[in-house]
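Asker: Starting off with a structure, shown below.
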Amino acid sequence: MELNSVLIWILFICLLLFICSLAASKRMSRVELLHEGDNRTFKSYIQKLFTGLLMRSYAFFMRIAPLRYYVLKVRSRLSLLHMYTEFELRRKTMLLVYSFLFSFGLAITVLTWMNPNLLFFLTLLITAAVMQGLFLDGFVNQIERKLLEQMLGFFASVRHAYHRHGMINDAIDEAADELGEEIAAHAYRMNEALTAPKPEEALERYYETAPNRFLKAFAGISSLVLEYGDKAANQGSIYLQAIASLTQEIHLDLIRRNKLDYLLKGLHVIALSPLFFTRPIEMWARQNFPLMDHFYLSKAGIVIKIMIFLIILISYILLQKLKNEEETLYRAAEHKIPWEARLYKMHWIRVFVQWFVPPYSSLPYYRLTQLFKDNNLKIKVEWFQLRRVGLFLISFLSAIVLCITLHKTSQSRILREPPESTVFFGAVSGQEEERAQKIVALEKLAVKELNNSSDRSYEAALRSTEASLHAHDESVSGEDLAAMADRIMDKLERYNHEYLKWWEVAIAFAAGCVAYEIPLWLLWFQRRLRIADMRHEIYQYMTMIGIFKELERISVEEILEWLYVYAVIFKIPIEKCLLNYSQGAEAALKEMKAEVSLEEFRRLVDKLLLAAEKITIAKAFDDLQYEMSFQFERRRLDYEKSLDTRAGLGRLIGFSPMYSLVFGYLVIPLIWMSFKQMDMYFEHIQKL
144 MELNSVLIWI LFICLLLFIC SLAASKRMSR VELLHEGDNR TFKSYIQKLF
194 TGLLMRSYAF FMRIAPLRYY VLKVRSRLSL LHMYTEFELR RKTMLLVYSF
244 LFSFGLAITV LTWMNPNLLF FLTLLITAAV MQGLFLDGFV NQIERKLLEQ
294 MLGFFASVRH AYHRHGMIND AIDEAADELG EEIAAHAYRM NEALTAPKPE
344 EALERYYETA PNRFLKAFAG ISSLVLEYGD KAANQGSIYL QAIASLTQEI
394 HLDLIRRNKL DYLLKGLHVI ALSPLFFTRP IEMWARQNFP LMDHFYLSKA
444 GIVIKIMIFL IILISYILLQ KLKNEEETLY RAAEHKIPWE ARLYKMHWIR
494 VFVQWFVPPY SSLPYYRLTQ LFKDNNLKIK VEWFQLRRVG LFLISFLSAI
544 VLCITLHKTS QSRILREPPE STVFFGAVSG QEEERAQKIV ALEKLAVKEL
594 NNSSDRSYEA ALRSTEASLH AHDESVSGED LAAMADRIMD KLERYNHEYL
644 KWWEVAIAFA AGCVAYEIPL WLLWFQRRLR IADMRHEIYQ YMTMIGIFKE
694 LERISVEEIL EWLYVYAVIF KIPIEKCLLN YSQGAEAALK EMKAEVSLEE
744 FRRLVDKLLL AAEKITIAKA FDDLQYEMSF QFERRRLDYE KSLDTRAGLG
794 RLIGFSPMYS LVFGYLVIPL IWMSFKQMDM YFEHIQKL
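To get the numbering used here, take the position in the sequence shown, counting from 1, and add 143.
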């Protein structure tokens with residue numbers, strides 16, 4: 144059965160099951176309404192029935208390994224942002240899973256029905272696997288934005304309640320009662336941690352699940368003020384000043400997100416639209432220009448089609464990366480053993496990978512380890528090199544398989560290639576097409592016979608052609624017989640020329656080398672992006688130190704302990720400093736300074752050194768307010784530059800698939816056809 148028929152049957156069965164389930168639900172609703180009376184409306188019953196379906200689906204999906212993995216992936220992303228109950232979390236998870244399965248299933252069915260090809264179908268499956276992750280990221284980013292907007296109201300309510308009561312716990316509890324369920328759940332849990340018998344441990348558990356840095360900072364600041372008390376500084380309460388600073392940051396972040404959405408709006412649709420027009424353009428060109436068949440079925444046509452598809456996929460991924468805000472990128476999570484570690488346990492793999500691992504005391508090894516530290520990547524150099532070698536082998540073998548497949552496809556096309564038509568525009572008549580198919584069948588037999596024969600001369604081609612014509616009771620003129628023999632010799636030569644060339648192996652090797660370097664390039668690129676995240680964290684340190692410097696009985700070691708609780712990117716250097724602090728404060732702080740190359744962090748450590756040795760914390764950070772103002776303005780300018788850069792890149796990337804489709808799949812084939820027509824015109828003129 145053809146793939147087209149299978150898809151039609153699948154669609155028909157799905158529609159039939161949907162109609163049956165709808166009829167059954169209506170029947171059950173009528174029975175339920177008769178038993179329960181008019182207290183429950185039809186709408187509420189349908190909601191209950193749908194919720195029950197989601198709960199049963201959750202239990203069913205958890206029994207099947209691939210579905211369980213996907214459900215747990217969606218669940219983990221949602222649970223980071225919302226303090227759902229178990230029931231609500233399962234319902235939201237399955238609702239999102241069904242939405243993705245239905246939308247991608249429908250899109251794959253429609254596109255495969257338009258182009259019933261097994262390779263195209265497998266390509267769509269791979270694309271769906273990539274895009275569902277991108278859609279999930281986009282959905283999570285929308286929830287993050289909603290949470291940020293609710294946090295503005297939460298901070299304003301806390302400020303007003305704190306003015307009335309002067310108590311942090313009462314202010315948070317009162318503010319939570321007035322807000323939406325998402326931020327209220329976080330507020331209640333935060334308040335429980337602040338009032339717990341062991342608030343440090345409870346706060347540590349909350350930090351691990353906090354959805355963004357603003358809530359972590361607010362929880363830490365509230366805990367500090369609860370422990371040491373609020374102070375009236377020059378500009379008022381230090382607690383309210385900290386809330387104002389967080390509110391200012393959220394406003395800046397929301398403005399950046401909204402402007403970025405506006406600048407990139409609609410580009411995702413533009414990038415994906417060529418996927419739906421590839422097949423119609425090809426069919427239109429092949430129906431109106433018979434010569435275009437030769438191009439679209441050739442190796443060049445197949446390669447261009449693959450390149451257009453890759454451009455569409457890469458463009459969509461890059462647009463999603465430009466739009467995404469990786470707020471939850473650096474998070475304390477359960478340590479998972481990477482796949483490289485499992486493979487590295489095999490002796491022969493370990494011996495093979497050692498050839499690609501630089502010596503332990505060499506400069507390349509040190510640079511790699513430093514790059515891992517800068518990216519907060521907990522991986523061994525040996526595992527990283529195994530990943531690079533694996534990507535090299537996968538890319539090299541994939542390129543070789545692609546070249547071999549193209550050669551096999553070209554051989555099949557050569558055998559089925561009809562004589563060149565004299566019709567340049569419009570469709571070929573049915574009679575001419577039938578005659579061309581007969582000639583193709585005869586020439587195919589002759590080519591196979593000659594290919595298996597030791598005599599491949601022109602005379603052998605003539606004899607084979609005459610034998611094929613005689614076997615099928617066909618007769619042609621001597622001129623047509625000679626033309627058939629010429630075509631057979633040309634096909635035989637091109638057929639035998641389709642084999643793996645040395646330069647194709649070189650291209651495959653180059654593709655493998657590029658794949659080998661990609662993980663390293665990504666780490667360099669991510670390190671550049673992480674500079675902004677590092678500065679965000681330094682700014683939060685300054686906000687907390689602004690509270691510390693007003694407290695008289697706090698030490699540098701206690702400040703480091705609080706910074707360690709809040710830290711994410713600089714957690715490891717601060718942890719080492721705390722472990723070595725008892726053996727010498729100056730040496731521990733200098734070692735921490737040497738481990739981090741960011742200038743802002745090094746200046747912060749210099750001030751901590753002064754506070755630990757000679758002067759008070761308040762004097763060491765006497766210019767903190769001006770430093771924070773400078774950092775905030777620099778971040779605002781960086782955001783503006785980043786938005787302009789992303790907008791330009793977004794427009795370039797978003798329209799690249801459309802340009803590639805128009806020029807690569809229509810303009811270039813038409814130019815190729817024009818040259819072919821000119822060659823045929825010259826041949827006809829020479830024969831006159």
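Quick reminder that beta carbons are idealized off the backbone N, C-alpha and C, glycines included.
Helix, strand or coil for A375, going by three-state DSSP, please let me know.
Answerer: As a position in the sequence shown, residue 375 is number 232, starting the count at 1. Strand.
Asker: Give a yes or no on contact between the stretch 683-695 and the stretch 357-377, applying the rule of three or more CB pairs nearer than 8 Å.
Answerer: yes
Asker: Output the distance between the C-alpha atoms of I522 and T270, rounded to the nearest integer angstrom.
Answerer: For the purposes of this step, residue 522 is taken as residue 379 along the sequence shown, with counting starting at 1. For the purposes of this step, residue 270 is taken as residue 127 along the sequence shown, with counting starting at 1. Going from the Cα of I522 to the Cα of T270 covers about 29 Å.
Asker: Quick one: residues in its chain with C-beta nearer than 7 Å to the C-beta of R302, no 5 flanking neighbours on either side, listed in chain order?
Answerer: Within the sequence shown, residue 302 is the residue found at index 159, counting from 1. Cβ-Cβ distances below 7 Å link R302 to L383 and I386 in the same chain, with the five nearest sequence neighbours on each side left out; the list follows chain order.
Asker: In angstroms, rounded to a whole number, what distance separates the CA positions of L486 and V524?
Answerer: As a first step, residue 486 is located in the sequence shown; it is residue number 343 there, counting from the start. As a first step, residue 524 is located in the sequence shown; it is residue number 381 there, counting from the start. C-alpha separation (whole angstroms): 14 Å.
Asker: With the cut-off set at 8 Å, would you say P662 and R531 are in Cβ contact?
Answerer: Taking the first residue of the sequence shown as position 1, residue 662 is located at position 519. Taking the first residue of the sequence shown as position 1, residue 531 is located at position 388. Yes, the Cβ-Cβ distance between P662 and R531 is below 8 Å.
Asker: In three-state terms, what does DSSP make of S785?
Answerer: For the purposes of this step, residue 785 is taken as the residue at position 642 of the sequence shown. Of the three classes helix, strand and coil, the one that applies to S785 here is helix, per DSSP.
Asker: Quick one: Cα of F495 to Cα of L268, how far?
Answerer: Locating residue 495 in the sequence shown gives position 352, where the first residue counts as 1. Locating residue 268 in the sequence shown gives position 125, where the first residue counts as 1. Approximately 33 Å, taken between the alpha carbons.
Asker: Label E701 either buried or exposed according to how many other C-beta atoms from any shown protein chain fall within 10 Å of its C-beta, with 16 as the threshold for buried.
Answerer: Here residue 701 is taken as the residue at index 558 of the sequence shown, counted from 1. With fewer than 16 other Cβ atoms within 10 Å, it is exposed.
Asker: If we ignore side chains and look at the alpha-carbon of each, how far apart do T471 and L549 end up?
Answerer: The count along the sequence shown starts at 1 and reaches residue 471 at position 328. The count along the sequence shown starts at 1 and reaches residue 549 at position 406. Unreliable positioning characterises T471 in this predicted model, as indicated by a pLDDT of 41, which lies under 50. A coordinate reading is not provided.
Asker: Out of E609, E622 and D436, point me to the one whose CA is closest to R556's CA.
Answerer: Here residue 556 corresponds to residue number 413 of the sequence shown, with the count starting at 1. For R556, the nearest C-alpha among the options comes from D436.
Asker: According to the Cβ coordinates, are E347 and V708 closer than 8 Å?
Answerer: Within the sequence shown, numbered from 1, the residue matching residue 347 stands at position 204. Within the sequence shown, numbered from 1, the residue matching residue 708 stands at position 565. Annotated as proximal: E347 and V708, with beta-carbon spacing under 8 Å.
Asker: For S380, which beta-bridge partners are listed by DSSP?
Answerer: For the purposes of this step, residue 380 is taken as the residue at position 237 of the sequence shown. In the DSSP output, where bridge partners are listed per residue, S380 has A375.
Asker: Would you mind reading off the limits of the alpha helix (DSSP H) that contains P716?
Answerer: Looking up residue 716 in the sequence shown gives position 573. Run containing P716: K714 to N723, per the alpha helix (DSSP H) assignment.
Asker: Can you tell me the Cα-Cα spacing of F845 and A250, whole angstroms?
Answerer: Residue coverage of the chain in this structure runs from 144 to 831, which leaves residue 845 outside it and unanswerable.
Asker: Helix, strand or coil for V583? Go by DSSP, reduced to three states.
Answerer: Residue numbering aside, residue 583 sits at position 440 when the sequence shown is read from its first letter. The answer is helix: DSSP assigns V583 an H, G or I state.
Asker: In terms of residue numbering, what span does the alpha helix (DSSP H) encompassing P423 cover?
Answerer: Here residue 423 corresponds to residue number 280 of the sequence shown, with the count starting at 1. Run containing P423: P417 to N431, per the alpha helix (DSSP H) assignment.
Asker: From N518, P259, F243 and W815, pick the residue whose C-alpha is nearest to that of W664; which is it?
Answerer: Reading the sequence shown from its first residue, position 521 is the one you call residue 664. Among N518, P259, F243 and W815, the Cα nearest to that of W664 belongs to N518.
Asker: Roughly how far, in whole angstroms, is the beta-carbon of L197 from the beta-carbon of R220, given that I think they are within contact range, below 8 Å?
Answerer: In the sequence shown, the residue the question calls residue 197 occupies position 54. In the sequence shown, the residue the question calls residue 220 occupies position 77. The Cβ separation is near 17 Å, so there is no contact.
Asker: Does DSSP put I697 in a helix, in a strand, or in coil?
Answerer: The count along the sequence shown starts at 1 and reaches residue 697 at position 554. Note: I697 maps to coil in three-state DSSP.
Asker: By alpha-carbon positions, which one of N431, L337, F298 and I454 ends up nearest to I796?
Answerer: Sequence index remark: in the sequence shown, residue 796 carries index 653 (1-based). Its Cα nearest to that of I796, the residue I454 stands out among N431, L337, F298 and I454.
Asker: Could you check where the alpha helix (DSSP H) with E231 kicks off and where it finishes?
Answerer: The residue given as residue 231 occupies position 88 in the sequence shown. It spans E229 to M257 - the alpha helix (DSSP H) in which E231 sits, taken as one unbroken run.
Asker: Does the distance from the CB of S553 to the CB of E641 come in under 8 Å?
Answerer: Residue numbering aside, residue 553 sits at position 410 when the sequence shown is read from its first letter. Residue numbering aside, residue 641 sits at position 498 when the sequence shown is read from its first letter. Yes.
Asker: Am I right that K466 and L395 are in contact with their C-beta atoms under 8 Å? What's the rounded C-beta distance?
Answerer: Taking the first residue of the sequence shown as 1, we reach residue 466 at position 323. Taking the first residue of the sequence shown as 1, we reach residue 395 at position 252. 18 Å between Cβ atoms; not a contact.
Asker: Indicate the three-state DSSP secondary structure (helix, strand or coil) for V524 in the structure shown.
Answerer: On the sequence shown, position 381 is the one that residue 524 refers to. Of the three classes helix, strand and coil, the one that applies to V524 here is helix, per DSSP.
Asker: Would T255 be called buried (16 or more neighbouring beta carbons within 10 Å of its own) or exposed?
Answerer: In the sequence shown, the residue the question calls residue 255 occupies position 112. Classification of T255: buried, given that the 10 Å Cβ count is 16 or more.
Asker: How long is the line joining the alpha carbons of T338 and Y509, rounded to whole angstroms?
Answerer: On the sequence shown, position 195 is the one that residue 338 refers to. On the sequence shown, position 366 is the one that residue 509 refers to. If you take the alpha carbons of T338 and Y509, they lie about 46 Å apart.
Asker: Which of the three DSSP states, helix, strand or coil, is assigned to D396?
Answerer: Here residue 396 refers to the residue found at position 253 when the sequence shown is read from its first residue. Note: D396 maps to helix in three-state DSSP.
Asker: If you reduce the DSSP assignment to three classes, tell me which class P340 lands in.
Answerer: Here residue 340 corresponds to residue number 197 of the sequence shown, with the count starting at 1. Of the three classes helix, strand and coil, the one that applies to P340 here is coil, per DSSP.
Asker: Please say whether A319 and Y331 have beta carbons closer to each other than 8 Å?
Answerer: Within the sequence shown, residue 331 is the residue found at index 188, counting from 1. Within the sequence shown, residue 319 is the residue found at index 176, counting from 1. Taking 8 Å as the cut-off, the Cβ atoms of Y331 and A319 count as close.
Asker: Can you tell me whether N355 is helix, strand or coil according to DSSP?
Answerer: Position 212 of the sequence shown, counted from the first residue, corresponds to residue 355. N355 falls in the coil class under three-state DSSP.
Asker: How would you call Y659, buried or exposed, if buried means at least 16 neighbouring beta carbons within 10 angstroms?
Answerer: Here residue 659 refers to the residue found at position 516 when the sequence shown is read from its first residue. When all chains shown are included, Y659 counts as buried.
Asker: Note down, in chain order, each residue of its chain lying with its Cβ closer than 6 Å to the Cβ of Y305, except the 5 sequence neighbours on either side.
Answerer: As a working note, residue 305 is residue 162 in the sequence shown. Taken in chain order, the residues that qualify are A314.
Asker: Between M274, M205, D676 and R670, which has its C-alpha nearest L456's C-alpha?
Answerer: Here residue 456 refers to the residue found at position 313 when the sequence shown is read from its first residue. Among M274, M205, D676 and R670, the Cα nearest to that of L456 belongs to M274.
Asker: Using the Cα positions of T608 and K634, report the straight-line distance between them to the nearest angstrom.
Answerer: Position 465 of the sequence shown holds residue 608. Position 491 of the sequence shown holds residue 634. Near 13 Å, if we compare the C-alpha coordinates of K634 and T608.
Asker: On the criterion of 16 or more Cβ atoms from any shown chain inside 10 Å, does C720 qualify as buried, or is it exposed?
Answerer: For the purposes of this step, residue 720 is identified with residue 577 of the sequence shown, where counting begins at 1. Classification of C720: buried, given that the 10 Å Cβ count is 16 or more.
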